[in-house]
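Contents: one structure, followed by commentary.
In the numbering used here, the protein residues as written are 320 to 473.
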């Protein structure tokens with residue numbers, strides 16, 4: 320739950336008053352949609368599909384196996400890039416994230432920054448976040464496409 324707590328604490332700060340909801344709702348909605356799509360591409364489209372079809376990989380052609388291998392390598396690189404571009408700068412700016420991600424239990428957590436400070440910092444990272452997530456989504460789709468070519472023998 321650590322990562323959910325970390326994200327939730329920051330998003331809560333952005334929408335804690337009706338005025339902030341009005342001001343930040345599009346930004347929060349776009350973030351949640353992008354992170355959901357990114358997680359689906361990584362965990363469901365790529366890794367879950369691969370796990371389900373692992374025993375049938377022998378039916379892929381040599382070029383499909385090579386493409387699958389290359390795309391999985393690129394997917395891992397894209398994941399690490401997202402961490403380097405977005406997660407690490409957020410952890411550096413907001414040390415509370417490390418506590419939340421560690422799963423440590425504490426009486427209370429609070430993000431001390433204002434909504435405007437969080438929003439301003441996010442604006443410096445959002446372009447990289449979108450680009451990195453789009454790459455993960457693209458690669459997840461390519462991996463799923465290759466794996467969907469596996470013929471199920473009846």
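Note that the Cβ used here is the ideal one computed from N, Cα and C, for glycine as well.
Counting along the chain, residue 388 sits inside the alpha helix (DSSP H) bounded by residues 381-401. If you draw a 10 Å sphere on the C-beta of residue 402, you find fewer than 16 other C-beta atoms in it, and that means exposed.
When secondary structure is reduced to three states using DSSP, residue 372 falls in the helix class. Out of 339, 352, 364 and 454, the CA that lies nearest to the CA of residue 465 is found in 364. In the three-state DSSP reduction, residue 432 falls in the coil class, being neither helix nor strand. When only Cα atoms are considered, residue 381 and residue 367 end up about 22 Å apart.
Looking at 432, 399 and 331, the one whose alpha-carbon comes closest to that of residue 351 is 331. Annotation: the continuous alpha helix (DSSP H) that includes residue 421 extends over 415-421.
The beta-carbon separation of residue 455 and residue 325, rounded to 19 Å, does not stay under the 8 Å limit for a contact. For residue 437 and residue 458, the gap between their C-alpha atoms comes out near 30 Å.
Annotation for residue 462: 364, 365, 368, 369, 387, 390, 391 and 394 place their beta carbon closer than 8 Å to its own, counting only its chain and skipping 5 residues before and after. When DSSP states are grouped into helix, strand and coil, residue 455 belongs to the helix group. Per DSSP, the continuous alpha helix (DSSP H) segment holding residue 358 begins and ends at 337-358. In the three-state scheme derived from DSSP, where H, G and I count as helix and E and B as strand, residue 334 is classed as coil.
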